Amino acid sequence: MKLTSHLLLISSFLLLTHATLAQHASVQGKVLDENNSPIPGVSIRLGNSGKGAATDIDGNFLIEGLKPGTHTFYISGVGYKKQSKTHKLSSHQKLDIKIQLQEDTKEMDEVMVYGKSESTLLKEKGFAINAIDAKDLKLQSIQLNDVLDQSAGVRIRQSGGMGSRVRYNINGLSGSSIKIFIDGIPIDNYGASFSLNSIPTSMIKRIEVYKGVVPAEFGGDAMGGAINVVTKTSTQNSLNVSYSYGSFNTHQASANGVFREKKSGLTSKISTFYNYSDNSYKVWGKNVYIVDEKGKDQYVTAKRFHDSYESKGLKFDLGFTDIKWADQAFIGVLVSDMSKDIQHATTMEIVYGNRWVGQSTNMIQATYVKKDIVHGLDVNFFGSYSKLRRNLVDTVGYIYNWLGEKTLNPNTGEYYTWLSGGEGGDSTLNEDNEEKYTARLNLAYQLGQHTRLSSNLLSTYFTRSSHDPLDPQLLQDLQDTRTLWKNLLGVSLEHMALDERLKTSVFYKFYGQNVGMSEPTLDRNNNLVVNSYDAQSHNSGYGIALSYEVIKNTIILISGENTIRMPNSRELFGDVSENVETASSALKPERSINFNAGLSLGPYRFDKHAITLSTNTFYRRIQDRIMPGVPDQQDETFTYVNVSSVLSSGIDIELGYNYTDRITWKTGFSLTNPRFNTEFDANGARYLYYKDRLRNEPYLTTNSNLRFTQQNFIQESSRFSAYYNLGYVHEFYKNWPSIGGAGKDMIPSQMVHDLGISYGFPNDKITLSCDAKNIFNEQVFDNWALQKPGRAFYGKITYNIF
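Under mature numbering (1 follows the signal peptide of the UniProt record, and there is no 0), residues -24 to -1, 1 to 778 are what the sequence shown spells out, in order.
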């Protein structure tokens, strides 16, 4: 198989390069703070060699090519006391050291010393990326998606309130083109009951948003970008709990703990969460009406009455950290559960009053991480098995209006019902059972001080079986099964030159996928028909990313790739709980040529002021883009379809200002121009919407965030913070602009304002916060003109027990 030959080639190359390493001593290590958290941007300089290095995002450094003898290490970092250490190195020695720095509050107050931020260190790899520091997230009563929505070029498309389906849009590409990762692991391994909003913010270190070109180290087949949530890795004993309550009877609670026995390194980590909301916000507009006694439409302002959401979960890991044979070695379990009422169909015209879906996930996983397992080789392994059960209940076919009333037939005195028996189609008690096996192996090999080779292999096997006791017995006797096997291989080579001012990464990706399906159905004459198919596909992609620091704090960023995205299980096999029908076997992979070019300017410092500016221009040429088709007019079900060619280009601009970390301001602007780029269909007929902007896609957005922070407010060692957010989305067409007359449906322009304050008591033991969202009660729409919540208030308390 192609994959086997690729792996043999990589293994041979690793063995050859290992045999040709220069015969010198080397020093590597990790720099930590007093809480055992890694410190990026720390300088390690060798006084008698002229060599040195800076720690990366994980606090690691490596210095090679050292002559035998005595060397003195000078360590300095922003806000930390300087240290010096002396070690004697022998020939071929591989010294591994750990350095712990103490905070220097005097230096912070009197001398402004600055190092590179994690965002800058990531950008210097050449990829178009936004890195969001999560240090303030744990203090706010907001969800992670709200934070992402404030990043330039990112738009969160949500179908309603808490628990509603989310689509991530980056530079005009959305849906499954955008991949979500947790510490580099695809989030779809965890099931829908464990989403980004389920991750307690106190666990998050930072959020990385990759635009367009995605590094090969991520195993997913992302085509339009990726979001990677990096969680905290500190092994310091800690336990914290938080609780939030707000509008629409919304509750959010979480608890997180880390416990480590120093002598053995035995470590346990536990996190749990609970979320609930009635989602009973008010809606109004052209799709919100009742029919009066005369048969006329009467528009009303109504509360959503069948939209409650509940999710809960527990994650527990037990293993060892910072020991001789492993940096991390864990066995873990994840148990999560979700239930959600369904208020309406794909649009708001068809109202439901009894349809609901439930889902549970059970997962076991293993993690192993070891840097320098042999000299220069880092290993990161993840394996998991998960079992998911999803139930759809739709057996009561009454027709409801937006006041939550069953509609009455005045002629018969009986309630109207759907002829199909259920609200979203035939009556159903459908149960899907899904199993998923995942293995990911990441190898990174340091070929020298300036060159690094890495490979990433991700293999997933997915199977789904469905059963509905309301189906005819003939169908129940047959097995409805669907299988999907994906193998993704990425190889990258990183190199630094010109005194580390030029950084280049070239990469290659291999995609393999096997799809199988056997679906029994009945035709119009009630004859049994079994639809089955097997399909295989193998594709390759490649790309390059580079950065060049022209002068200090002025970096040019360029990246490009030829990439593939294969259809996923939802697009191929459907999801009856969300009105998605099974697609045909003809659904093809998406193909795209992506190009980014931008600048990273700053921080430019003037006394206590700092200014940053980043720009990113992009170009995407997509073939066979996979998108939701037009909903059926009767039951509003839809399938995913390929829409031939799409051309997209645009620009992001983000400007930031900082005054001594007390006042921070960041504003972003994004303009995208996604166009349907296929002129003729298969029969030679010209598309009416050729060169139209893509329907139901926002193309002009801006956002701005202003934050004020005051240390030692009222009390010593306390902290007060206040913020203001503004978000604007320009109007866009619900359907193709060229189809229809002057009254075409538009999603109107929207401007949303948020405010919030928080107060951390001394030593951050207790933090109180209050957040007000959409304070002017703006009518906010999203996917297919679905209305989102209006004005809402939330309060949160966080308690760090130890």
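Backbone N, C-alpha and C fix where the C-beta goes; we use that ideal spot for every residue, glycine too. Fair warning: this is a prediction, and the values are worked out from it, not measured in the lab.
Cutting at 8 Å between CB atoms, please list the residues of its own chain near residue i, excluding the five before and the five after it.
| i | result |
| --- | --- |
| asparagine 121 | Ile132, Gln134, Val142, Leu172, Asn173 |
| aspartate 159 | Asn204, Val205, Val206, Thr207 |
| glutamine 452 | His443, Asp444, Pro445 |
| leucine -18 | Any reading at leucine -18 is ruled out, since the residue's pLDDT is 47, under 50, leaving its predicted position unreliable. |
| serine 25 | Because the pLDDT at serine 25 is just 47, under 50, the model does not fix this residue reliably, and the point stays unresolved. |
Among the residues of its own chain, which have a CB less than 6 Å from the CB of residue i, if the five just before and after it don't count?
| i | result |
| --- | --- |
| asparagine 679 | Gln126, Gly644, Gly703 |
| phenylalanine 684 | Ile639, Ala698 |
| isoleucine 163 | Ile156 |
| tyrosine 775 | Val217, Ile742 |
| glycine 139 | Tyr285, Lys316 |
| phenylalanine 689 | Phe696 |
| aspartate 730 | Asn701, Lys749 |
| leucine 676 | Leu647, His706 |
| serine 435 | Ala415, Asn463 |
Please classify residue i as buried or exposed, where buried requires at least 16 other C-beta atoms within 10 Å of its C-beta.
| i | result |
| --- | --- |
| histidine 585 | exposed |
| residue 781 | The requested residue 781 is not part of the displayed model; the chain covers only -24 to 778. |
| lysine 270 | exposed |
| glutamate 673 | buried |
| residue 783 | Missing from the structure shown is residue 783; the chain here goes from -24 to 778 and no further. |
| alanine 661 | exposed |
| threonine 648 | buried |
| valine 89 | Only weak support exists for where valine 89 lies, its pLDDT of 42 falling under 50; the value from the coordinates is given anyway. The residue in question, valine 89, is exposed, as its Cβ has fewer than 16 Cβ neighbours within 10 Å. |
| aspartate 475 | exposed |
| residue 779 | Because the chain spans -24 through 778 in this model, residue 779 falls outside it and cannot be assessed. |
| residue 787 | Since the displayed the chain opens at -24 and closes at 778, residue 787 lies outside it and no answer follows. |
| glutamate 86 | Per-residue confidence for glutamate 86 stands at a pLDDT of 39, beneath the threshold of 50, marking its modelled position as unreliable; the derived number appears in the next sentence. Glutamate 86 comes out exposed. |
| lysine 272 | exposed |
| glycine 578 | buried |
| tryptophan 760 | buried |
| glycine 289 | buried |
| alanine -3 | Summary for alanine -3: the model assigns pLDDT 41, below 50, so the residue's position carries little reliability, and this model does not support an answer. |
| asparagine 753 | exposed |
| glutamine 687 | exposed |
Could you please give the first and the last residue of the uninterrupted alpha helix (DSSP H) stretch that includes residue i?
| i | result |
| --- | --- |
| glutamate 525 | Glutamate 525 -> not in any alpha helix (DSSP H); beta strand (DSSP E) instead, spanning 504 to 527. |
| leucine 548 | 545 to 549 |
| leucine 379 | Here leucine 379 belongs to no alpha helix (DSSP H), and DSSP marks it neither H nor E. |
| leucine 172 | Element bounds for leucine 172: n/a, residue is neither H nor E. |
| glutamine 449 | 449 to 452 |
Within its chain, find whatever has a CB closer than 7 Å to the CB of residue i; leave out the 5 residues flanking it on each side and keep chain order.
| i | result |
| --- | --- |
| lysine 82 | Per-residue confidence for lysine 82 stands at a pLDDT of 46, beneath the threshold of 50, marking its modelled position as unreliable; the derived number appears in the next sentence. Correct list: empty, nothing qualifies. |
| lysine 637 | Inspection of the sequence shows that residue 637 is occupied by aspartate rather than by lysine. These residues qualify, in order along the chain: Thr685. |
| isoleucine 299 | Gly241 |
| tyrosine 228 | Before going on, a small fix: residue 228 reads as glutamine here, not tyrosine. Answer for glutamine 228: Ser220, Asn251, listed in chain order. |
| serine 67 | Ala1, Pro44 |
In the DSSP assignment, find the unbroken beta strand (DSSP E) run with residue i in it and report its ends.
| i | result |
| --- | --- |
| leucine 577 | 566 to 582 |
| glutamine 76 | 70 to 76 |
| isoleucine 599 | The amino acid at residue 599 is misidentified as isoleucine; the sequence shows glutamine. Here the beta strand (DSSP E) through glutamine 599 covers 585 to 599. |
| methionine 603 | 602 to 604 |
| glutamine 687 | 676 to 687 |
| lysine 64 | 59 to 65 |
| glycine 222 | 214 to 222 |
| glutamine 4 | 1 to 8 |
| valine 372 | Premise fails: valine 372 is in no beta strand (DSSP E) and is neither H nor E. |
| phenylalanine 37 | 36 to 42 |
| leucine 446 | Per DSSP, leucine 446 belongs to no beta strand (DSSP E) and is neither H nor E. |
| glutamine 274 | 273 to 275 |
| lysine 181 | 180 to 187 |
| glutamate 537 | 530 to 541 |
| asparagine 204 | 201 to 207 |
| valine 264 | Unbroken run through valine 264: none, as it is neither H nor E. |
> At which residue ranges does the region 97 to 153 contain complete beta strand (DSSP E) runs of 3 or more residues, listed in the order of the chain?
Replying inline: 105 to 109, 130 to 134, 142 to 146
> Which ranges would you report for the beta strand (DSSP E) in the region 296 to 359 if only whole runs of at least 3 residues count?
Replying inline: 302 to 317, 332 to 350
> Is it a yes or a no for the region 47 to 62 touching the region 317 to 326, going by three-plus beta-carbon pairs under 8 Å?
Replying inline: no
>> For the region 453 to 469 against the region 418 to 431, do three or more pairs of beta-carbon atoms, one drawn from each stretch, fall closer than 8 Å, so that the two count as touching?
In response: For the pair of segments examined, the region 453 to 469 was found to touch the region 418 to 431: the number of CB pairs separated by less than 8 Å reaches three.
> Can you give, in chain order, each stretch of the beta strand (DSSP E) that sits fully within the region 705 to 773 and has at least 3 residues?
Replying inline: Given a length threshold of 3 residues, each whole run of the beta strand (DSSP E) inside the region 705 to 773 is given here in chain order: 726 to 736, 742 to 749.
> Does the region 386 to 404 touch the region 193 to 212, meaning 3 or more C-beta pairs lie closer than 8 Å?
Replying inline: The answer is no - the region 386 to 404 does not touch the region 193 to 212, with fewer than three Cβ pairs under 8 Å.
>> Using 8 Å as the cut-off, can you tell me whether the region 500 to 507 makes contact with the region 527 to 547, which would need three or more C-beta pairs spanning the two stretches below that distance?
In response: no
>> Check whether the region 144 to 159 and the region 253 to 262 are in contact - that is, three or more C-beta pairs closer than 8 Å.
In response: no
> Enumerated in chain order, which unbroken segments of the beta strand (DSSP E) with a length of 3 residues or greater are wholly contained in the region 404 to 443?
Replying inline: 407 to 422, 427 to 443
> Should the region 487 to 494 be called in touch with the region 518 to 527, which here means at least 3 C-beta pairs below 8 Å?
Replying inline: no
>> With three or more C-beta pairs closer than 8 Å as the rule, is the region 587 to 601 touching the region 612 to 631?
In response: yes
> Along the chain, which unbroken stretches of the alpha helix (DSSP H) at least 4 residues long are found entirely within the region 619 to 654?
Replying inline: none
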